[in-house]
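*Asks:*
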Amino acid sequence: MLTPKELLLGRAQRSDRLHSTLLPKRIALPVFASDALSSVSYATQEILLVLSLGGLAFFHFAPWVGLMVVAVMLVVVASYRQNVHAYPSGGGDYEVVTKNLGPNAGLTVASALLVDYILTVAVSMSAASANVASAIPWFGNHLIFLTVSLIVLITVMNLRGVRESGTLFAIPTYAFIFAIFAMIITAGVKLAMGQTILAQSAGYEIKPESTFTGLALVFLIARAFSSGCTALTGVEAISNGVPAFRKPKSANAASTLVMLGVLSVTMFMSITILALVTKVKVTEFNSDLIGLPAGEDQKTVIAQIAQAVFSNFPPMFIFVSTVTALILVLAANTAFNGFPVLGSILAQDSYLPRQLHNRGDRLAFSNGIVTLAFLAMILVIVFKASVTALIQLYIVGVFISFTLSQLGMIRHWTR
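So the mapping is simple: my numbering equals the position in the sequence shown, first residue as 1, plus 2.
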């Protein structure tokens, strides 16, 4: 007779079954890279939201901002390929920085990563809710409840164990990749045939918040760049999750990083270009978008592009919106795999409570998973599931961990 806990999470597993939870590359990609892949669905939107402060004319800076983001992404992917070969134990940035720059710098990075993992869950789930609301407007009035419910759902799935959650998450992740490339190819074919593709908001106007010239313009573009760098989030999760890969662990992790880099760069730049081609208009506040019907909320950029590209085939628009919302939910899985592992390492080093080092019945770090979910739900409630409000907190930790990690690798190789 199964207990309620066993019905929900599955039967307890023996510790000597840990090897059976190791992941092949085809499963590791959706488990560890879903955050980085999913962020392309809102990174372009965040760039446009910042540029909209200066008015519609500033949108022409978007491709150049996007190229700067791509340049940083390529550097970061190359750096983490070195990380996984030099430090395959799963400590990731924390281990690299601690061994090369000292324990204080290591704790700084660890703190930044833990905060970013929490924000990954909060941001991804809030973005998923926003995409659901774009397709089903009723949810627009219940974003907090929807977001918290999604966090509870993914928490239960992760408590069942890494291997099972990875298998469940593989199909939606690959479906998202298929949907985005189908949208890119369809748009390319239509444009090559001379057809015009316009978003629902193409005829709207944007009311500038202020006039940006000189130094103010430089700061505006810099802010757009930093917001666009949300496309980089999640790359470090692979270096933290090397122990979860099948042997040869480092080689498989490095290959997964390359796949992640190629997919992310291609999808991010394609979505940015399509947003401009379809003349998508988006602003932080509805009142700044002239032409938006009263009482109607703005759709996300990815939803507007999909609606324009598949205007003659609505089921495909629904498919794109659905899989985008799904992968944003699953993106939190990156954090649910990274946070507990890093928490376990910090607990082993006596920096966090020792309970975070213990595995649960399903051989997952259950205490770390529950802690992450609880903290993310608090953020969602406090910030009312607003992606734009949460994302500014996100950016600081991203750059702290990337910068110190790469400085640590410079020290490692020069030694």
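Even glycine gets a Cβ: it sits at the ideal position worked out from N, Cα and C.
1. What alpha helix (DSSP H) runs, 4 residues minimum, are completely inside the segment 69-112?
2. Where do the ends of the alpha helix (DSSP H) carrying Phe-61 lie?
3. Measure the beta-carbon distance from Ala-64 to Leu-332 and round it to whole angstroms, keeping in mind my assumption that it falls under 8 Å.
4. Grab me the residues of Thr-232's own chain with a C-beta within less than 8 Å of its C-beta, minus the 5 sequence neighbours each way, in chain order.
5. Does the distance from the C-beta atom of Gly-293 to that of Gly-190 stay below 8 Å?
6. Counting C-beta neighbours from all protein chains within 10 Å, is the total for Thr-280 16 or more, i.e. buried, or is it exposed?
7. Measure how close the beta-carbons of Ala-129 and Val-384 come, nearest whole angstrom, since I'm counting them as under 8 Å.
8. Closest to Val-150 by C-alpha separation, out of Thr-416, Pro-32 and Leu-377, would be which residue?
9. Within this structure, are the beta carbons of Met-127 and Ile-146 separated by less than 8 Å?
10. Apart from the five residues just before and just after Ala-239, which ones in its own chain have a Cβ nearer than 6 Å to its Cβ?
11. Helix or strand or just coil, what does DSSP make of Leu-200?
12. Indicate the three-state DSSP secondary structure (helix, strand or coil) for Leu-348 in the structure shown.
13. Helix, strand or coil for Leu-148, going by three-state DSSP, please let me know.
14. So within the segment 238-320, which uninterrupted alpha helix (DSSP H) runs reach at least 4 residues, ignoring any that extend past its ends?
15. Nearest-angstrom Cα distance between Gly-230 and Ile-347?
16. Should Gln-350 go down as buried or exposed, given a rule of 16 or more other Cβ atoms within 10 Å for buried?
17. Roughly how many angstroms lie between the CA atoms of Phe-334 and Gly-142, to the nearest whole one?
18. Quick check on the DSSP output: the alpha helix (DSSP H) that includes Met-417 runs from which residue to which?
19. Taking buried to mean at least 16 other C-beta atoms within 10 Å of its own C-beta, is Trp-415 buried or exposed?
20. I'd like the span of the alpha helix (DSSP H) that includes Met-379, first residue to last.
21. Leu-103 and Arg-413 look like a contact to me (Cβ under 8 Å); what is the Cβ gap, rounded to whole Å?
22. DSSP three-state label for Ile-208, please.
23. How long is the line joining the alpha carbons of Leu-161 and Ile-402, rounded to whole angstroms?
24. Distance, Cα to Cα, Leu-290 vs Leu-358?
25. With hydrogens ignored, establish whether the beta-carbon of Leu-152 is closer than 7 Å to any heavy atom of the ligand NAD.
26. Quick one, which of Ala-226, Ala-246 and Leu-116 has its alpha-carbon nearest Pro-90's?
*Replies:* Concretely, from the data shown:
1. 94-103
2. Element bounds for Phe-61: n/a, residue is neither H nor E.
3. Not confirmed; about 27 Å, so no contact.
4. Ser-41, Tyr-44, Ala-45, Glu-48, Val-125, Ile-393, Tyr-396, Ile-397 and Val-400
5. no
6. buried
7. Not a contact, Cβ separation roughly 17 Å.
8. Leu-377
9. no
10. Phe-34, Thr-336 and Gly-340
11. coil
12. helix
13. helix
14. 238-242, 251-279 and 303-311
15. 31 Å
16. exposed
17. In the sequence on display, residue 334 carries Ala and not Phe. Taking the straight line from one Cα to the other gives about 21 Å.
18. Residue 417 is actually Arg in this sequence, not Met. Careful: Arg-417 lies outside any alpha helix (DSSP H) and carries neither H nor E.
19. exposed
20. 368-384
21. 7 Å
22. strand
23. 30 Å
24. Checking the displayed sequence, the identity of residue 290 turns out to be Asp instead of Leu. The straight-line gap from Cα to Cα measures roughly 46 Å.
25. Annotation note on the ligand NAD: not contained in the displayed structure, which lists no ligands.
26. Ala-246
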